[in-house]
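So the structure is just underneath, and the comments pick up after that.
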Amino acid sequence: MGSMDHLPDEVLIKILSSLPTKEAVSTSALSKRWRTLFTYNLSLDYDNSTILLQSRKRKQKMRSTAESFRDFVDKTLALQGGKRMKSFSLKFKETLGDENSVADVNRWILHALFHGVSDLHLRIGTKKRAYFPNEIFTSTTLVKLSMVAQCYTSLLPLNISLPALKVLFLDSSWFDSTCFRNALIPACPVLEDCTIYQKARSMGMPYAISSKSIKRLSVTYNCPLFVAYGIELFNTPGVVDLYYSDHVRHCYPNCHLDSVAKATLDIHFLDDNAADVTELLTGIRNVKSLHLTSSTVEVILLCCKGGIPMFENLVKLEFSGRTRKWKFLLPLLLECCPNLKTLVLSGLDQNWLEGIHIPPNNQVKMLSIMHYRGTTRELKFMSHFSARMKCLEVVKIHVAPRVDDSKKVQLTEDLLKLPTTTSSNLNVQVM
Numbered sequence: 001m002g003s004m005d006h007l008p009d010e011v012l013i014k015i016l017s018s019l020p021t022k023e024a025v026s027t028s029a030l031s032k033r034w035r036t037l038f039t040y041n042l043s044l045d046y047d048n049s050t051i052l053l054q055s056r057k058r059k060q061k062m063r064s065t066a067e068s069f070r071d072f073v074d075k076t077l078a079l080q081g082g083k084r085m086k087s088f089s090l091k092f093k094e095t096l097g098d099e100n101s102v103a104d105v106n107r108w109i110l111h112a113l114f115h116g117v118s119d120l121h122l123r124i125g126t127k128k129r130a131y132f133p134n135e136i137f138t139s140t141t142l143v144k145l146s147m148v149a150q151c152y153t154s155l156l157p158l159n160i161s162l163p164a165l166k167v168l169f170l171d172s173s174w175f176d177s178t179c180f181r182n183a184l185i186p187a188c189p190v191l192e193d194c195t196i197y198q199k200a201r202s203m204g205m206p207y208a209i210s211s212k213s214i215k216r217l218s219v220t221y222n223c224p225l226f227v228a229y230g231i232e233l234f235n236t237p238g239v240v241d242l243y244y245s246d247h248v249r250h251c252y253p254n255c256h257l258d259s260v261a262k263a264t265l266d267i268h269f270l271d272d273n274a275a276d277v278t279e280l281l282t283g284i285r286n287v288k289s290l291h292l293t294s295s296t297v298e299v300i301l302l303c304c305k306g307g308i309p310m311f312e313n314l315v316k317l318e319f320s321g322r323t324r325k326w327k328f329l330l331p332l333l334l335e336c337c338p339n340l341k342t343l344v345l346s347g348l349d350q351n352w353l354e355g356i357h358i359p360p361n362n363q364v365k366m367l368s369i370m371h372y373r374g375t376t377r378e379l380k381f382m383s384h385f386s387a388r389m390k391c392l393e394v395v396k397i398h399v400a401p402r403v404d405d406s407k408k409v410q411l412t413e414d415l416l417k418l419p420t421t422t423s424s425n426l427n428v429q430v431m
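So that you can map any letter, position 229 of the sequence shown is 229 in full-length UniProt numbering, and since no number is skipped, the others follow by simple counting.
Structure below.
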């Protein structure tokens with residue numbers, strides 16, 4: 001440590017801030033100068049998972065391990081004094097000896113809030129449902145809030161207010177749908193980034209999200225219930241980046257997504273004759289970049305009863321998966337995307353792709369192929385595409401991981417011989 005002793009305190013504190021809290025605290029034993037340096041670290045993170053892995057080998061030690069972790073957190077927080085806290089991260093899994101775990105967790109959270117924390121990240125695993133203190137929802141300093149815990153909040157404080165919150169991440173932390181719509185979201189006037197993740201076993205009803213400030217929205221619902229409910233899922237006219245994963249719903253009323261420039265749809269099919277995604281597709285009709293998963297391709301073909309809308313602004317389209325349905329959907333989308341310039345495809349090694357219709361008026365300039373293996377069927381498909389795309393300039397081939405170098409050389413030579421509809425040479429890039 002001799003060379004580091006010559007560094008000014010400001011530099012040492014910055015170095016300590018990049019270390020896990022446990023390691024930063026251990027430096028206090030180096031010398032008198034280092035004894036309190038770690039207390040100037042404004043970003044604290046605690047994780048009991050590593051010590052639990054060690055103690056599980058001897059169950060009799062689990063209780064003392066839990067107590068030592070609790071004492072460690074309490075002491076290090078006390079040593080911080082009255083300093084303002086920038087970030088507080090807590091990963092905590094309840095185990096033997098944690099009978100008061102909820103009280104301990106909430107006490108640590110309240111300490112962080114009292115010291116003006118701006119970034120609060122919680123990943124809590126308890127045997128019973130977790131209940132977080134109401135003070136979380138009345139913080140004037142929180143900018144980022146991440147809650148990963150099996151918890152349900154039915155009531156929020158009447159004075160709920162999160163005036164500085166810009167990033168909200170909820171994983172299995174569920175709220176009463178009315179509270180979420182009428183209290184939580186309105187209490188976040190500058191919210192820009194919102195992520196909602198519902199695990200498969202969760203039974204919560206999807207939220208009606210209404211916000212003019214949200215720009216990035218990621219929503220994952222894994223529960224197939226409530227699909228018949230006419231929930232206004234997206235009243236978010238300011239969203240520019242959307243990720244949406246769900247089971248196909250009966251309708252998507254008042255879908256306000258006019259500003260979406262980039263969207264990923266992961267919609268899962270249900271054997272339900274009433275399902276219809278027309279309103280959802282119409283809501284994102286201004287999108288510039290669109291990624292459709294394999295399941296979404298099937299859903300659009302079977303459940304778009306009003307017809308595929310025109311995507312006048314779409315310049316990049318990506319298909320994923322190996323469903324034979326996209327043989328029929330791709331020509332339809334090419335017709336509905338008059339300004340499409342980049343097309344990304346995967347799963348070309350399928351015999352049912354032969355003879356796929358390519359509209360002659362397509363404007364595709366770049367074709368990217370994922371997981372290419374250089375099979376005869378894939379090469380035939382590439383030849384079919386290149387001969388029917390009059391504007392095609394660049395072909396990017398992303399080779400599958402298991403393809404060896406000699407095979408890469410051969411498939412590159414084959415691709416360079418592809419026919420084109422233009423006099424200029426096709427730029428083939430193998431990656």
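For every residue, glycine included, the Cβ atom is placed at its ideal position computed from N, Cα and C.
May I ask you to report which of helix, strand or coil DSSP gives LYS380? Within the sequence shown, numbered from 1, the residue matching residue 380 stands at position 380. Helix, per DSSP.
Collapsed DSSP secondary structure at HIS115 in the structure displayed: Along the sequence shown, read from residue 1 onward, the residue named residue 115 stands at position 115. HIS115: coil per DSSP, three-state reduction.
Quick check on ASN100: buried or exposed, where buried means 16 or more other Cβ atoms within 10 Å of its Cβ? Taking the first residue of the sequence shown as position 1, residue 100 is located at position 100. It counts as exposed.
Distance check for CYS337 and ASN313, CA to CA, integer angstroms please. The sequence position of residue 313 within the sequence shown is 313, counting from 1. The sequence position of residue 337 within the sequence shown is 337, counting from 1. Between ASN313 and CYS337, the C-alpha separation is close to 8 Å.
Is PHE92 near VAL105, with beta carbons less than 8 Å apart? For the purposes of this step, residue 92 is taken as residue 92 along the sequence shown, with counting starting at 1. For the purposes of this step, residue 105 is taken as residue 105 along the sequence shown, with counting starting at 1. Pairing PHE92 with VAL105 gives a Cβ-Cβ distance under 8 Å.
So what's GLY306 in DSSP terms, helix, strand or just coil? As a position in the sequence shown, residue 306 is number 306, starting the count at 1. Correct three-state label for GLY306: coil.
How would you call MET431, buried or exposed, if buried means at least 16 neighbouring beta carbons within 10 angstroms? Working through the sequence shown from its first residue, we reach residue 431 at position 431. Flag for MET431 reads exposed.
Which residues does DSSP pair with TRP174 in a beta bridge? Against the sequence shown, residue 174 aligns to sequence position 174. Partner(s): TYR152.
For VAL394 versus ASN427, is the C-beta distance shorter than 8 Å? In the sequence shown, counting from the first residue as 1, residue 394 sits at position 394. In the sequence shown, counting from the first residue as 1, residue 427 sits at position 427. Cβ distance < 8 Å, so VAL394 and ASN427 count as in contact.
CB VAL240 to CB VAL219, shorter than 8 Å? Position 240 of the sequence shown, counted from the start, is the residue given in the question as residue 240. Position 219 of the sequence shown, counted from the start, is the residue given in the question as residue 219. With respect to the 8 Å criterion, VAL240 and VAL219 are not classified as neighbours on the basis of their beta carbons.
Chain-order list of residues whose beta-carbon lies under 6 Å from that of SER87 (same chain, five-residue window excluded): By one-based count along the sequence shown, residue 87 stands at place 87. Closer than 6 Å at Cβ, skipping near neighbours: SER43, ASP119.
So the alpha helix (DSSP H) THR278 belongs to, where does it begin and stop? By 1-based counting over the sequence shown, the position of residue 278 is 278. Per DSSP, the unbroken alpha helix (DSSP H) holding THR278 starts and ends at 278-283.
Separation of LYS316 from ASN286, as counted between CA atoms: As a working mapping, residue 286 is identified with position 286 in the sequence shown. As a working mapping, residue 316 is identified with position 316 in the sequence shown. Taking the Cα positions, ASN286 is about 12 Å away from LYS316.
Kindly indicate which residue of ILE356, TYR131, SER213 has the alpha-carbon position closest to the one of VAL167. As a first step, residue 167 is located in the sequence shown; it is residue number 167 there, counting from the start. Ranking ILE356, TYR131, SER213 by Cα distance to VAL167 puts SER213 first.
Nearest to LYS327 by CA position, among MET389, PRO253, GLU298, THR178, is which residue? Locating residue 327 in the sequence shown gives position 327, where the first residue counts as 1. Checking every option, the nearest Cα to that of LYS327 belongs to GLU298.
Own chain, CB closer than 6 Å to TYR243, minus 5 neighbours either side, in chain order: Here residue 243 corresponds to residue number 243 of the sequence shown, with the count starting at 1. Cβ within range, chain order: SER218, THR264.
List the whole-angstrom C-beta distance separating LEU162 from LEU142, where the pair is believed to meet the contact cut-off of C-beta under 8 Å. Here residue 162 refers to the residue found at position 162 of the sequence shown. Here residue 142 refers to the residue found at position 142 of the sequence shown. Yes, they are in contact, since the Cβ atoms of LEU162 and LEU142 sit about 6 Å apart, within 8 Å.
What's the call for SER346, buried or exposed, on a 16-neighbour Cβ count within 10 Å? Mapped onto the sequence shown, residue 346 falls at position 346. That one is buried.
Evaluate ALA24 with the Cβ neighbour count: other Cβ atoms within 10 Å of its Cβ, from every protein chain shown; 16 or more gives buried, anything less gives exposed. Here residue 24 is taken as the residue at index 24 of the sequence shown, counted from 1. The predicted model places ALA24 with a pLDDT of 48, which falls under 50 and marks its position as unreliable; any figure quoted below should be read in that light. With 16 or more other Cβ atoms within 10 Å, it is buried.
So THR412 is in the beta strand (DSSP E); what residue range does that whole segment cover? Position 412 of the sequence shown, counted from the start, is the residue given in the question as residue 412. That residue, THR412, is in no beta strand (DSSP E); its alpha helix (DSSP H) goes 405-415.
Let me know the beta strand (DSSP E) ranges lying completely inside the segment 172-250, each 3 residues or longer, listed in chain order. 193-197, 216-220, 241-247
Under a Cβ-count criterion, where at least 16 other Cβ atoms within 10 Å of its own Cβ denotes burial, should GLN410 be classed as buried or exposed? Locating residue 410 in the sequence shown gives position 410, where the first residue counts as 1. That one is exposed.
Is GLN150 near SER177, with beta carbons less than 8 Å apart? Taking the first residue of the sequence shown as position 1, residue 150 is located at position 150. Taking the first residue of the sequence shown as position 1, residue 177 is located at position 177. Taking the C-beta atoms as reference points, SER177 is found no nearer than 8 Å to GLN150.
Just verifying my parser: in three-state terms, what is the DSSP assignment at THR296? As a first step, residue 296 is located in the sequence shown; it is residue number 296 there, counting from the start. Of the three classes helix, strand and coil, the one that applies to THR296 here is helix, per DSSP.
Enumerate in chain order the residues of its own chain whose CB-to-CB distance from CYS251 is below 8 Å, with the five nearest sequence positions on each side excluded. Position 251 of the sequence shown, counting from 1, holds the residue named residue 251. These residues qualify, in order along the chain: GLY230, ASP276, GLU279.
Start-to-end residues for the alpha helix (DSSP H) that takes in PHE328: To locate residue 328, count along the sequence shown from 1; it is residue 328. 326-336 is the span of the alpha helix (DSSP H), which, as asked, contains PHE328.
By DSSP's criteria, MET147 is part of a beta bridge. Which residues make up the other side? Residue mapping note: residue 147 aligns to position 147 of the sequence shown, counting from 1. Looking at the DSSP assignment, MET147 forms a beta bridge with LEU122, LEU170.
SER289 to TYR152, Cα distance in whole Å? The sequence position of residue 289 within the sequence shown is 289, counting from 1. The sequence position of residue 152 within the sequence shown is 152, counting from 1. Taking the straight line joining both Cα atoms gives about 35 Å.
Under a Cβ-count criterion, where at least 16 other Cβ atoms within 10 Å of its own Cβ denotes burial, should LEU367 be classed as buried or exposed? Along the sequence shown, one-based indexing puts residue 367 at 367. Buried.
ASP405: buried (16+ other C-beta within 10 angstroms of its C-beta) or exposed? If you number the sequence shown from 1, residue 405 lands on position 405. Its Cβ having fewer than 16 others within 10 Å, ASP405 is exposed.
Supposed close pair ILE358, LEU392 - CB separation, criterion 8 Å: For this step, residue 358 is matched to residue 358 along the sequence shown. For this step, residue 392 is matched to residue 392 along the sequence shown. Rounded, the Cβ-Cβ distance is 10 Å, inconsistent with contact.
Assuming THR282 contacts PRO309 (C-beta within less than 8 Å), just tell me the rounded distance between them. Here residue 282 corresponds to residue number 282 of the sequence shown, with the count starting at 1. Here residue 309 corresponds to residue number 309 of the sequence shown, with the count starting at 1. The Cβ separation is near 5 Å, so the contact holds.
Exposure of PRO206, with buried meaning 16 or more beta-carbon neighbours within 10 Å: Here the question's residue 206 lines up with position 206 in the sequence shown. Counting Cβ neighbours within 10 Å, PRO206 comes out buried, since at least 16 surround it.
For chain D, find out if any of its Cβ atoms is closer than 8 Å to the Cβ of ILE136; answer yes or no. Of the protein chains in the structure, only one exists, and it is not chain D.
Would you check if the distance between the CB atom of LEU156 and the CB atom of CYS179 is smaller than 8 Å? As a working mapping, residue 156 is identified with position 156 in the sequence shown. As a working mapping, residue 179 is identified with position 179 in the sequence shown. Their beta carbons are under 8 Å apart, which means LEU156 touches CYS179 by this criterion.
Does ASP246 pass the burial test, meaning 16 or more other C-beta atoms within 10 Å, or should it be called exposed? For the purposes of this step, residue 246 is identified with residue 246 of the sequence shown, where counting begins at 1. ASP246 should be labelled buried.
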